[in-house]
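Chemist: Residue numbers (my numbering): 90 to 247.
For every residue, glycine included, the Cβ atom is placed at its ideal position computed from N, Cα and C.
Provided herewith is a single structure, encoded as C-alpha cells, for subsequent inquiry.
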Amino acid sequence: MRGLRTWFDGRSLREKRLLLVMAALLAVTIVWGLILRPLDDALSSAREAHTTAVIRYGETAARVEALRDAKAARVRPLAGTLADTVRLRAEEAGFPIGSLDPGNDGSVNLSIQSARGAALTAWLARLERGGIVVQSATLTDNGDRTVAARLVLRSRAT
Numbered sequence: 090m091r092g093l094r095t096w097f098d099g100r101s102l103r104e105k106r107l108l109l110v111m112a113a114l115l116a117v118t119i120v121w122g123l124i125l126r127p128l129d130d131a132l133s134s135a136r137e138a139h140t141t142a143v144i145r146y147g148e149t150a151a152r153v154e155a156l157r158d159a160k161a162a163r164v165r166p167l168a169g170t171l172a173d174t175v176r177l178r179a180e181e182a183g184f185p186i187g188s189l190d191p192g193n194d195g196s197v198n199l200s201i202q203s204a205r206g207a208a209l210t211a212w213l214a215r216l217e218r219g220g221i222v223v224q225s226a227t228l229t230d231n232g233d234r235t236v237a238a239r240l241v242l243r244s245r246a247t
C-alpha cells in the first residue's frame with residue numbers, strides 16, 4: 090500500500106485528477122454491473138412470473154366456475170322416448186324431417202333435407218346441452234345456401 094501511495098504522490102496534479110476520475114468511473118461501473126443490473130433482471134423475471142401466475146389463476150378460476158356451472162346444470166333424463174324428443178325439438182326449431190328411424194342400439198337415425206347450416210349446428214349444440222349426443226353427422230351442401238343432414242343421435246344416459 091505504501092508503494093502505491095508513493096507512486097500516486099509522484100504524479101502531477103492533472104494525472105492525480107485523471108486517476109481519481111478513473112477510479113470513480115470504475116467504482117460506478119462495478120456497482121452498476123455487479124449490483125444494479127442483476128437486481129433489475131431479477132425484478133423483471135419476478136414481474137413476468139407474477140403476470141404468468143395471475144393469468145393461470147384466472148384461467149383456473151374460470152375452469153372451476155365452468156365445472157360448477159356444469160355440475161349445477163346436470164342433464165335431466167328425457168321425458169319420452171329419444172325419437173319423440175328429437176321429433177318434437179326438430180319441429181320446434183322448424184326443421185323438416187325427412188326420416189326418423191330408431192336404431193337397434195338405442196340411437197336414432199335422422200335425416201333433414203334442407204336447413205341453414207348455422208341454424209342446424211346451433212340446434213345440435215342445444216340438443217347436446219339437453220342430453221342428446223350427436224354420434225355422427227354428415228352435412229351435404231344443397232347449393233342454395235342450405236345443407237342436407239344425416240344424423241345419428243343417442244341419449245347421453247345410454
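Among Glu181, Ala211 and Pro191, which has the Cα closest to the Cα of Thr170?
Modeler: Taking the sequence shown and counting its residues from 1, one reaches residue 170 at position 81. The shortest C-alpha separation from Thr170 is found at Pro191.
Chemist: Alpha carbon to alpha carbon, what distance is there between Gly99 and Arg91?
Modeler: Indexing the sequence shown from 1 puts residue 91 at position 2. Indexing the sequence shown from 1 puts residue 99 at position 10. Roughly 12 Å between the two C-alpha positions.
Chemist: Check whether the segment 146–163 and the segment 181–199 are in contact - that is, three or more C-beta pairs closer than 8 Å.
Modeler: The segment 146–163 is not in contact with the segment 181–199.
Chemist: What's the C-alpha gap between Glu137 and Leu156?
Modeler: Along the sequence shown, read from residue 1 onward, the residue named residue 137 stands at position 48. Along the sequence shown, read from residue 1 onward, the residue named residue 156 stands at position 67. Each residue's Cα considered, the two are about 29 Å apart.
Chemist: What are the start and end residues of the beta strand (DSSP E) that includes Arg100?
Modeler: Along the sequence shown, one-based indexing puts residue 100 at 11. Here Arg100 belongs to no beta strand (DSSP E), and DSSP marks it neither H nor E.
Chemist: How many angstroms separate the CA atom of Leu102 from the CA atom of Leu114?
Modeler: Numbered from 1 along the sequence shown, position 13 holds the residue referred to as residue 102. Numbered from 1 along the sequence shown, position 25 holds the residue referred to as residue 114. Approximately 18 Å, taken between the alpha carbons.
Chemist: With DSSP run on the structure shown, which of helix, strand or coil describes Glu154?
Modeler: Counting from one through the sequence shown, the residue named residue 154 turns up at place 65. If DSSP states are grouped into helix, strand and coil, Glu154 belongs with the helices.
Chemist: Do you know how far the Cα of Arg245 is from the Cα of Gly220?
Modeler: For the purposes of this step, residue 220 is identified with residue 131 of the sequence shown, where counting begins at 1. For the purposes of this step, residue 245 is identified with residue 156 of the sequence shown, where counting begins at 1. Between Gly220 and Arg245, the C-alpha separation is close to 5 Å.
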